[in-house]
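What follows is a set of notes on a single structure, which appears directly below.
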Amino acid sequence: MRIILSLFIAASFLFAAAASAIAGELPEQGSFFSVLERQTETISEGVSLLSYSLTLDGQPVRLSVLQADLSNPYVKMEVLVGADGTMEKTQSASKMAERAGAVAAVNGGFFIMAQGKPLGTIIQDGELVSSPIMRGDMPVFALGMDKHPLMDFFKFNGEVKAGNGSAFPLFGVNKLLYNLEDGGISDTNQLTLYNRNWGPLSRGGCDELPGAIETVVENGTVVKQVQAAAPLPIPANGYILWGHGAAAEFMSKNMPVGSRVAVSYQTTPAFEKIKLSTGSNSFLVQQGKVAEFQEDLKGKNSRTAVASSDNGRFLYLISVEKSGQSAGVEQEELAELLVAMGADTALNLDGGGSTTMVAKHLGDTGLSNIVQPEEGWQRPVTDSLGIFNTAPHGQPAGMIISGPDQVLAATGGNYTVKGYDTHYYPWSPQSLSWRVSGGGGIDNGVYIAGSGGDVVIEAYSGGVKGTKKVHVVGAGEIKALHVEPSVIKNQNGQAVPLSFSVETLDGRAIPLEARYVTINTTAGTVKDGVFTPGEAGSKGKLEVSYQGLTVQIPVRGASLFSDTEGNWANDQINELAGAGIIKGYEDGTFHPSEPVTRAQAVTLLARLLKWAPGEGQLNFEDEVPAWAKDAVAAAVSRGVVKGYPDQTFQPDGLVTRAEVSVIMDNAIKFTSGEAALNFKDAGSIPGWAQAAMGRVFSAGVLRGYEGGYIKPEANLTRAEMAVIINRLIGLNYVKVEL
Numbered sequence: 001m002r003i004i005l006s007l008f009i010a011a012s013f014l015f016a017a018a019a020s021a022i023a024g025e026l027p028e029q030g031s032f033f034s035v036l037e038r039q040t041e042t043i044s045e046g047v048s049l050l051s052y053s054l055t056l057d058g059q060p061v062r063l064s065v066l067q068a069d070l071s072n073p074y075v076k077m078e079v080l081v082g083a084d085g086t087m088e089k090t091q092s093a094s095k096m097a098e099r100a101g102a103v104a105a106v107n108g109g110f111f112i113m114a115q116g117k118p119l120g121t122i123i124q125d126g127e128l129v130s131s132p133i134m135r136g137d138m139p140v141f142a143l144g145m146d147k148h149p150l151m152d153f154f155k156f157n158g159e160v161k162a163g164n165g166s167a168f169p170l171f172g173v174n175k176l177l178y179n180l181e182d183g184g185i186s187d188t189n190q191l192t193l194y195n196r197n198w199g200p201l202s203r204g205g206c207d208e209l210p211g212a213i214e215t216v217v218e219n220g221t222v223v224k225q226v227q228a229a230a231p232l233p234i235p236a237n238g239y240i241l242w243g244h245g246a247a248a249e250f251m252s253k254n255m256p257v258g259s260r261v262a263v264s265y266q267t268t269p270a271f272e273k274i275k276l277s278t279g280s281n282s283f284l285v286q287q288g289k290v291a292e293f294q295e296d297l298k299g300k301n302s303r304t305a306v307a308s309s310d311n312g313r314f315l316y317l318i319s320v321e322k323s324g325q326s327a328g329v330e331q332e333e334l335a336e337l338l339v340a341m342g343a344d345t346a347l348n349l350d351g352g353g354s355t356t357m358v359a360k361h362l363g364d365t366g367l368s369n370i371v372q373p374e375e376g377w378q379r380p381v382t383d384s385l386g387i388f389n390t391a392p393h394g395q396p397a398g399m400i401i402s403g404p405d406q407v408l409a410a411t412g413g414n415y416t417v418k419g420y421d422t423h424y425y426p427w428s429p430q431s432l433s434w435r436v437s438g439g440g441g442i443d444n445g446v447y448i449a450g451s452g453g454d455v456v457i458e459a460y461s462g463g464v465k466g467t468k469k470v471h472v473v474g475a476g477e478i479k480a481l482h483v484e485p486s487v488i489k490n491q492n493g494q495a496v497p498l499s500f501s502v503e504t505l506d507g508r509a510i511p512l513e514a515r516y517v518t519i520n521t522t523a524g525t526v527k528d529g530v531f532t533p534g535e536a537g538s539k540g541k542l543e544v545s546y547q548g549l550t551v552q553i554p555v556r557g558a559s560l561f562s563d564t565e566g567n568w569a570n571d572q573i574n575e576l577a578g579a580g581i582i583k584g585y586e587d588g589t590f591h592p593s594e595p596v597t598r599a600q601a602v603t604l605l606a607r608l609l610k611w612a613p614g615e616g617q618l619n620f621e622d623e624v625p626a627w628a629k630d631a632v633a634a635a636v637s638r639g640v641v642k643g644y645p646d647q648t649f650q651p652d653g654l655v656t657r658a659e660v661s662v663i664m665d666n667a668i669k670f671t672s673g674e675a676a677l678n679f680k681d682a683g684s685i686p687g688w689a690q691a692a693m694g695r696v697f698s699a700g701v702l703r704g705y706e707g708g709y710i711k712p713e714a715n716l717t718r719a720e721m722a723v724i725i726n727r728l729i730g731l732n733y734v735k736v737e738l
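Heads up: the sequence shown at position 641 corresponds to 641 in the numbering used here, and the numbers run straight through without jumps.
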């Protein structure tokens, strides 16, 4: 990361990416990435939003691309500057876009965060807002007045000429200090101009370069000259010249108050022919190949970039998200992605916490965040790149129906409509009429589903039609009904909000509103999904039903054991203890963290499955405790457990997670299939337990730990055993009345 006189560039890390939907979309499969999902949405005249979900290095990555067809006469681009059109205050890209009326925008170039001033070149409608940096390694993105994109290194030169004929080179326009390539400090012995594009006040004094002078020029005449200290008001019809060292001496000797001054400056390419520009720190792609970077900022980060293809016809503004759902990318990875997408040329823009992309979805009147900000909020930036629709308003052309893509049978969903015209401006449909084909009914946007299947919802207004496909999830697609909390602990009689959902056969979880379930209880009352106990400490159950599925939710009083309150498995322990399946110790404790022995595990299963005592004698060399003999004999006779090669049973041996998986698999005989155990420690699963652990995990009875571990050799605790037994009951592998 480049550091400018100890002032941090706004983005700690960078950015990048580009796309080309017409010149060549991202292929489904690349050498280091796969496209899982892609969506394309036209949002304005000549502008599309492309959204990609990728896997890259085994991690999810979200890539968003704004594609603008610059040959479309209604497509316009602008560089948006600051909170009020000047460089005085930074502002988020979304607020800049909202203020300007853009249909989409991304953040722009690099800036010095402490002062909120740009490092790169900013040109706005042929006016030089901030001059090129006096380095040869920071390229510029520009768009010519002819709407042709240009990515190149810009140069600056200028001159200040005093009334007496003497002259001094002009170093820059509206720039702050930065490091030069030779290690020197910019502005040393140099002269810089500040005008109202900088803001209302001048630069003022500079601790790094003491002794500077500020000269106020109005209508071409020097009206004031002072030692640079407190910032001075910049005249609306003039500017302030800031000089250090030799430049200060020049102004002091040649520019007295009342004298005339003339300033001239140029850029290469000429700024007068440039519609807009912003700064970069490095090329990503040149001539369709990964470029040699001027700077490579490492790390998987949010990134922003600009690219072009088809000889400049298509321009792409790209954002890569870093969030809980997206891992971000390396700069090198983004460059390779851009090449795969068909970019001819691409540049990095500011990234990291600065990365922002906003756009108006088709039919929307307001902007939406397209990428999630890396820091959770949009960082104010110095400039942004905005896209505008300059077409006249057209005739109503289409409608978009918004609402759930799937609803549960015998429930409902609310649907709304937004419209767009022939030039993609929002249009508000009036006098709507609704229809549905395939089952169910709809009235004023409220759909009531019938049984399962696919339906099509239609909306009509003034001859314009909108459609939406909706899937109704029928009873045959539902695996289980879930209620939270799964156990209600009634210690003080307080009301408990309930939430409901169903689990489909393919593993999806779908919320279910309280009004669509039937609840019976003798332990209190339920109204609008809120359970109120009859009295503090009362016990009982709730019976919740939907589409033939029923779940029983125990209502428990205070903890039955003195040492389980606050334990993660307290609810399951109390539930099973209340049903007589597990027991505690005579002193009223349960010892939830105590490991389970082989004898205890077999006894619990025998009690749960109500096995009759096994016949015959136990032929083990060691003694099985009397309280466990019947259970062990039953388990042995059923082939659930067996002894060790030395003819011992080892009843006091501690049972591992692998061993209990085999015991349960032998006892229940799971038919859910064998799941792949993709855990970090899967290699430590004993061969004799591999298949059983796969089936028990697939059944939902055994689960992994945080961090991606399954811990097959870890001793099972009494709390864990209680939870496993509770799952066996809850998933209907064992029929027990709790």
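Backbone N, C-alpha and C fix where the C-beta goes; we use that ideal spot for every residue, glycine too.
By the DSSP assignment, the beta strand (DSSP E) with G419 in it spans what residues? Annotation for G419: the continuous beta strand (DSSP E) segment containing it runs 416 to 421.
Out of S44, T40, K253, P595, which one is the CA nearest neighbour of A391? S44
What residues in its chain sit with their C-beta under 6 Å from that of E720, if we drop five residues either side in the sequence? Result list for E720: empty, nothing under 6 Å.
Short check: CB of A682 to CB of Q378, under 9 Å? Q378 sits away from A682, with the two beta carbons spaced by 9 Å or more.
Is it a yes or a no for the stretch 437 to 452 touching the stretch 494 to 504, going by three-plus beta-carbon pairs under 8 Å? Contact between the stretch 437 to 452 and the stretch 494 to 504 is absent, because fewer than three Cβ pairs lie under 8 Å.
Three CB pairs or more closer than 8 Å across the stretch 389 to 403 and the stretch 484 to 494: no
Below 6 Å CB to CB, which residues in the same chain sit around S433 once its five sequence neighbours on both sides are set aside? Y460
Expressed to the nearest angstrom, what Euclidean distance is found between the alpha-carbon atoms of G708 and I685? 14 Å
Is it right to say L481 is buried, meaning 16 or more other beta carbons lie within 10 angstroms of its own, or is it exposed? Counting the other Cβ atoms within 10 Å of the Cβ of L481 gives 16 or more, which makes it buried.
Hey, quick one: how far does the alpha helix (DSSP H) through N254 stretch, first residue to last? 246 to 254
Using DSSP with H/G/I as helix, E/B as strand and the rest coil, what is I729? It is helical.
Q325 burial status per 10 Å Cβ neighbour count (16 or more: buried): exposed
DSSP-derived helix/strand/coil call for M134: Note: M134 maps to coil in three-state DSSP.
Which class does R379 belong to by DSSP, given the choice of helix, strand or coil? coil
Residues of its chain near T86, where Cβ-Cβ distance is below 6 Å and the 5 sequence neighbours each way are ignored: N197, G199
Could you tell me whether the stretch 245 to 254 touches the stretch 199 to 218, where touching means 3 or more Cβ pairs closer than 8 Å? yes
Please classify F740: is it buried, with 16 or more other beta-carbons within 10 angstroms of its beta-carbon, or exposed? One cannot answer for residue 740 here, as it falls past the ends of the chain, which runs 1 to 738.
Note down, one range per segment and in chain order, each beta strand (DSSP E) of at least 3 residues found wholly within the stretch 589 to 665. DSSP runs (the beta strand (DSSP E)) wholly in the stretch 589 to 665: none.
Start and end residues, beta strand (DSSP E) containing E543: 540 to 546
Decide if the stretch 642 to 652 is in contact with the stretch 673 to 680; the criterion is three or more beta carbon pairs, one per stretch, under 8 Å apart. By the C-beta criterion, the stretch 642 to 652 is judged not to be in contact with the stretch 673 to 680, since fewer than 3 inter-stretch pairs fall below 8 Å.
Just to confirm, is the Cβ distance from L716 to V655 under 9 Å? yes
In chain order, what residues of the same chain lie with their CB nearer than 6 Å to the CB of V544, ignoring the 5 residues before and after it? Result list for V544: V483, V517, I519, V551, in chain order.
Stretch-stretch touch, CB-based, cutoff 8 Å, three pairs: the stretch 360 to 368 with the stretch 91 to 105: Yes, the stretch 360 to 368 is in contact with the stretch 91 to 105.
How would you label W611, buried or exposed, when you count the other beta carbons within 10 angstroms and need 16 or more for buried? buried
Here's a check: name, in chain order, each residue in its chain whose Cβ is nearer than 6 Å to the Cβ of G172, leaving out the five neighbours to either side. S131, T192
Which one of I122, G158, E458 has the shortest CA to CA distance from G144? I122
Quick one, are the C-beta atoms of I725 and L608 less than 9 Å apart? Contact flag set, yes.
Straight-line CA distance for D665 to V530? 38 Å
Rounded separation between A270 and K468 - CA only: 51 Å
Give a yes or no on whether the C-beta atoms belonging to S282 and N369 are separated by under 9 Å. The answer is no: Cβ separation not under 9 Å.
According to DSSP, is I234 helix, strand or coil? coil
Go ahead and label T268 buried or exposed: buried means 16 or more other beta carbons lie within 10 angstroms of its beta carbon, across all protein chains shown. Classification of T268: exposed, given that the 10 Å Cβ count is below 16.
According to DSSP, simplified to helix, strand and coil, what is S698? If DSSP states are grouped into helix, strand and coil, S698 belongs with the helices.
Determine the direct distance from the alpha carbon of R638 to that of A667, and round the result to whole angstroms. 8 Å
What does the alpha-carbon distance come out to for the pair G353 and V47? 26 Å
Per DSSP, the bridge partner or partners of S44: V47
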